[in-house]
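Those letters in the sequence shown? Residues 253 to 377, per the working numbering, in order.
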Amino acid sequence: MAEHDTNAPPLFEIGALLSAPAAGPAFMDLELLREAGHLYYPGCLSLARKQTAAASLASWERPADMRVRLPGRRWKAWEDRVLPAHDDAGAAAAELGRSAASCSVRLWRLKTGEVRHPEDTPPGA
253 MAEHDTNAPP LFEIGALLSA PAAGPAFMDL ELLREAGHLY YPGCLSLARK
303 QTAAASLASW ERPADMRVRL PGRRWKAWED RVLPAHDDAG AAAAELGRSA
353 ASCSVRLWRL KTGEVRHPED TPPGA
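Given below as structure tokens:
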């Protein structure tokens, strides 16, 4: 039995990548692009549309004028305490130096319990 590569992305991510609309891989992980080429190699047993999508992704190159998206700024515990205190994304955005949309989503996640409140998080987590 072949040894499992723990660094390989999950197959569901690659499946989603191959099923994504053809809007372009502007925000796609380049590792996933390479993995698609390994999974759907020429002559493998696969659906024709998946083979075509994998070939298209494997040949994709970032245009010279396309910016590389930097990773987003992580939320800090003190920011998570400021948001509920304001209870208004627009007001908190100015204080935190973030967009109102970003604050709105984070506030919603805090309210619904999708992310823990800072006081609920164990130390060092």
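From the three backbone atoms N, C-alpha and C, an ideal C-beta is built for every residue, glycine too.
So residue i and residue j are supposed to be a Cβ contact under 8 angstroms. How far apart are they, rounded?
i: tyrosine 292; j: lysine 302; result: 6 angstroms
Can the beta-carbon of residue i be found less than 8 angstroms from the beta-carbon of residue j?
i: alanine 352; j: alanine 341; result: yes
i: leucine 362; j: aspartate 332; result: yes
i: valine 334; j: glutamate 347; result: yes
For residue i, which residues in the same chain have their Cβ closer than 7 angstroms to its Cβ, ignoring the five residues on either side in sequence?
i: phenylalanine 279; result: For phenylalanine 279, the predicted model reports a pLDDT of 49, less than 50, meaning its position is unreliable; a value from the coordinates is still stated below. Closer than 7 angstroms at the Cβ level, and outside the excluded window around phenylalanine 279, lie Arg321.
i: histidine 369; result: Asp332, Leu362
i: tryptophan 327; result: Arg358
i: glycine 365; result: none
Figure out for me which residue from the options has the closest Cα to the Cα of residue i.
i: arginine 325; options: Glu371, Thr364, Ser354; result: Ser354
i: serine 356; options: Asp317, Asp339, Ser311, Ala300; result: Asp339
i: alanine 307; options: Leu359, Arg319, Glu313, Ala288; result: Ala288
Measure the C-alpha to C-alpha separation of residue i and residue j and round it to an integer number of angstroms.
i: proline 336; j: alanine 305; result: 44 angstroms
i: arginine 311; j: proline 323; result: The question names arginine, but residue 311 is serine in the sequence shown. Cα to Cα, the separation comes out at about 24 angstroms.
i: alanine 345; j: alanine 316; result: 33 angstroms
i: cysteine 296; j: methionine 318; result: 33 angstroms
i: glutamate 313; j: glutamate 371; result: 45 angstroms
i: tryptophan 360; j: histidine 290; result: 39 angstroms
i: arginine 350; j: leucine 309; result: 34 angstroms
i: leucine 299; j: alanine 343; result: 51 angstroms
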